Structures are given as structure tokens and as C-alpha cells.
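Shown next, in C-alpha cells, is the structure this report addresses.
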Amino acid sequence: MASQLTDQNSQFRQGSVQVQIALLLLLVVAVGLYFYLQGQITQILLDIQLMLYSDPQQALRIISRLLLWLVVTSGLISLAVAFYLCLMAARIGRCGEYPPPQMPVAFRTRIRRGTPAMRMKRSCLLLGALLFCQPLGGVLLWYGITGGVI
739 MASQLTDQNS QFRQGSVQVQ IALLLLLVVA VGLYFYLQGQ ITQILLDIQL MLYSDPQQAL
799 RIISRLLLWL VVTSGLISLA VAFYLCLMAA RIGRCGEYPP PQMPVAFRTR IRRGTPAMRM
859 KRSCLLLGAL LFCQPLGGVL LWYGITGGVI
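For any residue, its number in the numbering used here is found by taking its place in the sequence shown, counting from 1, and adding 738.
What follows is the structure in C-alpha cells.
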């Protein structure tokens, strides 16, 4: 009975309090940034609405710059996540298990070996490839909407 319990516990990796705290801080920063930027963008959009009547060309240039700024920012975030997922896939491929050894996890996580680990590797690579394409799609969308006017 005791050996079964030990064997069951070895199939899991325990969560790390440090990772949980880091995720909580990241969430707090993201929510704070969201509310801060929401106010800023709302003010910019109100200014643009007022400017549409007096100087429509200038308003379109400001809209174009704002859209480009959003595309570049979201593209950089997507590239960072895609790079991390590709590194994760490489580590899973090298060691043959998910999560890879020495990788801290936030919560108790089942260790997957063999085929399930390789499935996770393929999922990481597929999602990473899709996220690598997001900046290109964003720039094409920006160019299609604005005609490349900065």
C-alpha cells in the first residue's frame, strides 16, 4: 500500500509557491496595465472623434499610428510566447517527458512520458508556429486598413 502511494506521488510534480506568486504578480500587473491603457486609449479615441471634423487627414494618421502601435505590441508579445513554446517543445523532445525536469510548475502537475509527452511537444510547436504568424497577419491587416499611411 505504501509503495503504491509513493509510486502515485512520483507521477506528479508538486507546485511551487514562488511560481504561484510570480503568476499572481503577473496577473496584477496585466490587470493594472489594462485599466491604465484603457483610459489612455479612450481619451485618444475621444480626441480623434473631435479631430475628425476639423482635420480628418490628421485623425486618420493618428488612427493609423495607434493601430500600428497595437499591432507591434501584440506581435512582440506573441513572438515571446512563441519562442518560449518552441524552447519548451525542444526540452520535451530532449528529455521525453512533460513537464521537463527542473521546470517549476505552479500547481500539482501529472508527469507525461512517451506518446502523451510527444503529443504535448507537437501541440507546443503548432501553437508556437501560429503565434509566429500573428505579427505578420497584424501588419498585413494594418496595411490593408490604412494603406501603409503612418
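Each residue gets a CB set at the ideal place from its N, CA and C atoms; glycine is no exception.
All values derive from a computational prediction rather than experimental measurement.
Does residue i pass the burial test, meaning 16 or more other C-beta atoms within 10 Å, or should it be called exposed?
i, result
"residue 852", "exposed"
"residue 837", "buried"
"residue 769", "exposed"
"residue 862", "buried"
"residue 760", "exposed"
"residue 742", "Any reading at residue 742 needs caution, since the residue's pLDDT is 45, under 50, leaving its predicted position unreliable; the model's value is listed next. So residue 742 ends up on the exposed side."
"residue 816", "buried"
"residue 763", "exposed"
"residue 866", "buried"
"residue 814", "exposed"
"residue 750", "exposed"
"residue 825", "exposed"
"residue 779", "exposed"
Where does the unbroken alpha helix (DSSP H) through residue i begin, and where does it stop?
i, result
"residue 872", "853-884"
"residue 818", "794-833"
Any C-beta of chain D sitting closer than 7 Å to the C-beta of residue i?
i, result
"residue 852", "Protein chains in the displayed structure number just one, and chain D is not present."
Taking 8 Å as the limit between beta carbons, can you name the residues of its chain near residue i, skipping five residues before and five after?
i, result
"residue 832", "838"
"residue 809", "873, 876, 877, 879, 880"
"residue 805", "880, 883, 884"
Using DSSP with H/G/I as helix, E/B as strand and the rest coil, what is residue i?
i, result
"residue 773", "helix"
"residue 741", "Because the pLDDT of residue 741 is 46, which lies under 50, any placement of that residue in the model is unreliable, and the question is left without a value."
Which residues in the same chain have their Cβ closer than 7 Å to the Cβ of residue i, if we skip the five residues on either side of it in sequence?
i, result
"residue 786", "797, 800, 801"
"residue 819", "869"
"residue 740", "In this predicted model, residue 740 has a pLDDT of only 44, less than 50, meaning its place in the structure is not dependable; the value taken from the coordinates is given anyway. Counting only Cβ-Cβ distances below 7 Å, and skipping sequence neighbours, we find nothing."
What residues in its chain sit with their C-beta under 6 Å from that of residue i, if we drop five residues either side in the sequence?
i, result
"residue 842", "754, 757"
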